[in-house]
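S.K.: Here you go, one structure.
Residue numbers (our numbering): 1 to 380.
See below:
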């Protein structure tokens, strides 16, 4: 029997109280959205949880936290069975499309499913159609999510979901880190982060090589962090980039999460339609440079929802949009954007209107989970 099946067996041998509250992590980025919530539940509220992951080297598998039981189930048949036969009161996850493909609701137990967004972007534009229809509770980032979900329920005549006015803990963490950050690196070169989204015609495919070249020649340091699906599906392009820039000491190819110190010490972010762009703008109150490439359409019927997606409506307010044919202007643009203090005030104002509970979202979420767990335990 393989490791993942042994781990699954171990999980399935737990009693009802031990496996009452379960987190499932699909990829390395999941922990960005779970970390503070898990801390609140386990350290502040002393609640025992299970953490089930598809990441082989997930740091949580070796966590010293006595309140956490961790299990590695991979991405194959063991994971499919885990979902189908799950016995838990609550499952919290940031993976959309429950019931849409091979990941199903439990056939054995009335599990309560909570969905946590891994982006501040709009529901109907950055996820597939129906991606969150089969969850019981949604932790909403801001008012835009509440409006979009209610509109979707109305248009498609869906059963209303429980909506929690939550926020975005990843942003809380980044703002906290930014406030505590002291620049220890005396690096004279300014660091620019390039974060392409996944999809045809993303900035990496359209002008990535030229953009990196221009920035390096303009004496910037460059960190490229492609979406994890680009790393899997565009190996040839990544190989070319590595061959051309890999030996340059001022170039970093990051295939995981951007290290905190590099994120905090960077001078600018260049993106296209990646969710991390709003994280950056709202953390540093600094505009992002957007390369104007076509937006990836995951939901061809997004027009059925009459609300303009948040990432379109605030794009020009939190960033500067530039054509791929004009990327040679970017070095000068970086300097002028960072010197404009007006940008900072505008972005701060947009942030307060866009995101709930800044600085305290994890507390709000943990209180909801604790209360729900109590209610469900009385029913079982």
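Glycine is no exception: its CB is placed at the ideal position from the N, C-alpha and C atoms.
#1: Could you tell me which whole beta strand (DSSP E) segments of length 3 or greater appear in the stretch 63-120?
#2: Using CA coordinates, which residue listed in 276, 93, 315 is at the minimum distance from residue 137?
#3: Would DSSP call residue 24 helix, strand or coil?
#4: Could you tell me which residues DSSP puts in a beta bridge with residue 51?
#5: Report the rounded CA-to-CA distance for residue 170 versus residue 98, giving the unit in angstroms.
#6: Assuming residue 177 contacts residue 264 under a Cβ cut-off of 8 Å, what Cβ separation, rounded to an integer in Å, is found between them?
#7: Tell me the residue span of the alpha helix (DSSP H) that contains residue 195.
#8: Identify the continuous alpha helix (DSSP H) that holds residue 31 and give its terminal residues.
#9: Out of 119, 238, 266, 218, point me to the one whose CA is closest to residue 144's CA.
#10: What is the DSSP secondary structure of residue 14, counted as helix, strand or coil?
#11: Does the distance from the CB of residue 54 to the CB of residue 74 come in under 7 Å?
#12: Does the stretch 215-232 come close enough to the stretch 193-201 that 3 or more CB-CB pairs lie under 8 Å?
#13: Name the residue from 67, 150, 72 whose alpha carbon lies nearest to the alpha carbon of residue 58.
#14: List the DSSP bridge partners of residue 271.
#15: I'd like the list of long-range same chain contacts for residue 347, defined as Cβ closer than 8 Å, with 5 residues on each side in sequence excluded.
#16: Is residue 298 helix, strand or coil when you go by DSSP?
#17: Give the C-beta separation of residue 200 and residue 307 to the nearest angstrom, bearing in mind that I take them to be a contact with Cβ-Cβ under 8 Å.
#18: Just to confirm before moving on: does the CB-CB distance between residue 366 and residue 40 stay below 7 Å?
#19: Ends of the alpha helix (DSSP H) at residue 229?
#20: Between 268, 337, 254, 80, which has its C-alpha nearest residue 215's C-alpha?
#21: What number of angstroms, rounded off, separates the C-alpha of residue 234 from the C-alpha of residue 16?
#22: Across which residues does DSSP place residue 44 in a beta bridge pair?
#23: Between 135, 65, 62, 102, which lies nearest to residue 79 when the distance is taken from Cα to Cα?
#24: Would residue 113 and residue 140 be called neighbours here (beta carbons separated by less than 7 Å)?
#25: Under 7 Å, do residue 95 and residue 148 count as touching if we go by C-beta distance?
#26: Drop a sphere of 10 angstroms on the beta-carbon of residue 343, count the other beta-carbons inside from all chains shown, and report buried for 16 or more, exposed for fewer.
#27: Which residues does DSSP pair with residue 322 in a beta bridge?
#28: Evaluate residue 422 with the Cβ neighbour count: other Cβ atoms within 10 Å of its Cβ, from every protein chain shown; 16 or more gives buried, anything less gives exposed.
#29: Taking the C-alpha atoms as reference points, what is the distance between residue 378 and residue 46?
#30: Using C-beta distances below 7 Å, list every residue in its chain close to residue 305, excluding the 5 sequence neighbours before and after it, in chain order.
#31: Of all the options 323, 324, 295, 328, which has the alpha carbon lying nearest to the alpha carbon of residue 312?
#32: For a quick check, are the C-beta atoms of residue 132 and residue 115 less than 7 Å apart?
#33: Quick one: Cα of residue 338 to Cα of residue 315, how far?
M.R.: Judging by the given coordinates:
#1: 68-72, 90-93, 112-116
#2: 93
#3: strand
#4: 23, 70
#5: 23 Å
#6: 6 Å
#7: Run containing residue 195: none in the alpha helix (DSSP H); it sits in the beta strand (DSSP E), 191-195.
#8: For residue 31, the enclosing alpha helix (DSSP H) begins and ends at 30-39.
#9: 119
#10: coil
#11: yes
#12: yes
#13: 72
#14: 195, 290
#15: 281, 282, 285, 286, 287, 317, 318
#16: coil
#17: At roughly 25 Å, the Cβ-Cβ gap does not stay under 8 Å, so residue 200 and residue 307 are not in contact.
#18: yes
#19: Where residue 229 is concerned, the enclosing alpha helix (DSSP H) stretches over 228-233.
#20: 268
#21: Pairing residue 234 with residue 16, the inter-Cα distance amounts to about 44 Å.
#22: In the DSSP assignment, no residue is bridged to residue 44.
#23: 102
#24: no
#25: Going by C-beta atoms, residue 95 is not nearer than 7 Å to residue 148.
#26: buried
#27: 291
#28: Because the chain in this structure spans residues 1 to 380, residue 422 falls outside the shown range and cannot be described.
#29: The alpha-carbon atoms of residue 378 and residue 46 are separated by roughly 19 Å.
#30: 124, 148, 151, 152, 155
#31: 295
#32: Closer than 7 Å, so yes.
#33: 17 Å
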